Amino acid sequence: MRSISTALTLAAALSLTACATAPSAQRPSTAGASALDTVLQRGVLKACMPGDYKPFGFLKADGAYEGIDVDLTQSLAKAIGPNVKVEYVKTTWAKLMDDFTGGACDIGVGGISVTTDRQKRAFFSAPYMVNGKTPIVRCADVGKFQTLAAIDQPTTRAIANPGGSNERFAKSSYKQARLTIHTENLTIFDEILAGRQDVFVTEAAEAMVQQRQKPGLCAVNPDKPLQYGEIAFLLPRGDTVFKAFVDQWLHLSKATGEYAAIESRWLR
Numbered sequence: 001m002r003s004i005s006t007a008l009t010l011a012a013a014l015s016l017t018a019c020a021t022a023p024s025a026q027r028p029s030t031a032g033a034s035a036l037d038t039v040l041q042r043g044v045l046k047a048c049m050p051g052d053y054k055p056f057g058f059l060k061a062d063g064a065y066e067g068i069d070v071d072l073t074q075s076l077a078k079a080i081g082p083n084v085k086v087e088y089v090k091t092t093w094a095k096l097m098d099d100f101t102g103g104a105c106d107i108g109v110g111g112i113s114v115t116t117d118r119q120k121r122a123f124f125s126a127p128y129m130v131n132g133k134t135p136i137v138r139c140a141d142v143g144k145f146q147t148l149a150a151i152d153q154p155t156t157r158a159i160a161n162p163g164g165s166n167e168r169f170a171k172s173s174y175k176q177a178r179l180t181i182h183t184e185n186l187t188i189f190d191e192i193l194a195g196r197q198d199v200f201v202t203e204a205a206e207a208m209v210q211q212r213q214k215p216g217l218c219a220v221n222p223d224k225p226l227q228y229g230e231i232a233f234l235l236p237r238g239d240t241v242f243k244a245f246v247d248q249w250l251h252l253s254k255a256t257g258e259y260a261a262i263e264s265r266w267l268r
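249 is the number that this note's numbering gives to position 249 of the sequence shown; each next residue is one higher, with no gaps.
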């Protein structure tokens with residue numbers, strides 16, 4: 001009987017030790033409260049945004065942000081708490097992941113493409129838009145650049161912005177085209193209009209907005225993108241509580257028509 005009792009005591013001790021040292025699969029990466037609790041206590045939702053990507057997030061000359069993701073984050077903040085405000089943290093596409101994982105903000109917004117590289121370092125919300133890669137060119141050249149093979153020619157001057165999925169797409173897709181990485185996202189379209197570059201492949205939503213705002217530019221088959229893509233919000237890795245809340249808010253926003261009204265305001 002004594003040996004059995006001793007064995008049971010040792011087993012219990014080992015079990016307690018294992019429970020104390022084993023990592024929890026549900027524990028947020030911050031090893032503390034969920035970002036949801038932090039935002040509630042702080043009264044501020046900090047959102048990292050590059051601010052150079054219409055129609056999702058654009059920093060205006062007066063310092064205010066506008067776009068689909070601006071309206072959506074305002075809605076999310078109200079869902080978290082009636083007195084919660086949004087504070088936008090300026091970043092760049094090249095610095096987005098480092099700023100986000102470094103704790104500069106609670107959520108990443110502004111037209112962020114879902115990629116497996118980003119998924120290694122963070123969670124994504126449920127995607128809220130399908131938004132594949134689409135070329136934008138001078139309208140006179142639409143017939144010339146109908147396919148990726150037609151774009152990837154030695155005579156093509158292709159352009160891309162650094163640090164995001166557009167650069168990754170360009171570098172992985174072009175074997176012959178002459179690629180220029182242009183550091184100023186907002187002037188890429190002027191480079192094409194001026195005839196210094198021929199094609200920029202970006203998300204369909206941006207291509208459609210730019211063709212409306214810059215006569216002479218046309219999106220090439222935006223309803224049939226060169227590559228499938230989704231847009232979502234960037235969330236802290238491991239924070240299942242915050243992800244569940246954001247996903248539920250997004251689901252209700254779509255079910256009530258709020259999301260459709262926001263999207264229509266900026267895309268139609």
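Using N, Cα and C, we set each Cβ at its ideal position, and we do this for glycine too. Treat the numbers as computed from the prediction; the structure is a model and nothing was measured.
Inspect the CB distances between the segment 191–205 and the segment 118–137 and report whether three or more fall short of 8 angstroms. yes
For Gln41, count the other beta carbons within 10 Å of its own beta carbon; 16 or more makes it buried, fewer makes it exposed. Which is it? exposed
I need the boundaries of the alpha helix (DSSP H) containing Phe169, first residue and last residue. 165–173
Report the rounded CA-to-CA distance for Met208 versus Leu267, giving the unit in angstroms. 8 angstroms
Using DSSP with H/G/I as helix, E/B as strand and the rest coil, what is Lys254? helix
Rounded straight-line distance, which links the Cα of Asp152 to that of Lys144: 11 angstroms
Could you tell me the distance, in whole angstroms, from the CA atom of Thr30 to the CA atom of Lys60? Low confidence applies here, because Thr30 scores a pLDDT of 43, under 50, leaving its location unreliable and the question unanswered by this model.
Taking just the CA atoms, how far does Glu87 sit from Ile112? 18 angstroms
Own chain, CB closer than 6 angstroms to Phe124, minus 5 neighbours either side, in chain order: Val114, Ala232
Relative to the C-alpha of Asn83, which candidate in Thr155, Ala94, Leu45 has its C-alpha closest? Leu45
Measuring alpha carbon to alpha carbon, tell me which of Lys243, Arg178, Phe189, Ala244 ends up nearest Tyr53. Phe189
State the DSSP-derived secondary structure class of Phe56, mapped to helix, strand or coil. coil
Closest to Arg178 by C-alpha separation, out of Thr155, Ile192, Met129, Asn185, would be which residue? Thr155
Residues in its own chain within less than 6 angstroms of Thr38 by CB, not counting five upstream and five downstream? none
So, using beta-carbon positions, are Phe56 and Gly110 closer together than 8 angstroms? yes
Reference Pro162, options Ile181, Arg121, Glu206, closest by Cα: Ile181
Taking the continuous beta strand (DSSP E) assigned at Phe273, which residues delimit it? One cannot answer for residue 273 here, as it falls past the ends of the chain, which runs 1 to 268.
Assumed close pair Arg118, Leu235 - CB separation to whole angstroms, cut-off 8 angstroms: That belief does not hold up - the Cβ atoms of Arg118 and Leu235 are roughly 11 angstroms apart, past 8 angstroms.
Curious, which full-length alpha helix (DSSP H) runs of at least 4 residues does the segment 99–132 contain? 116–119
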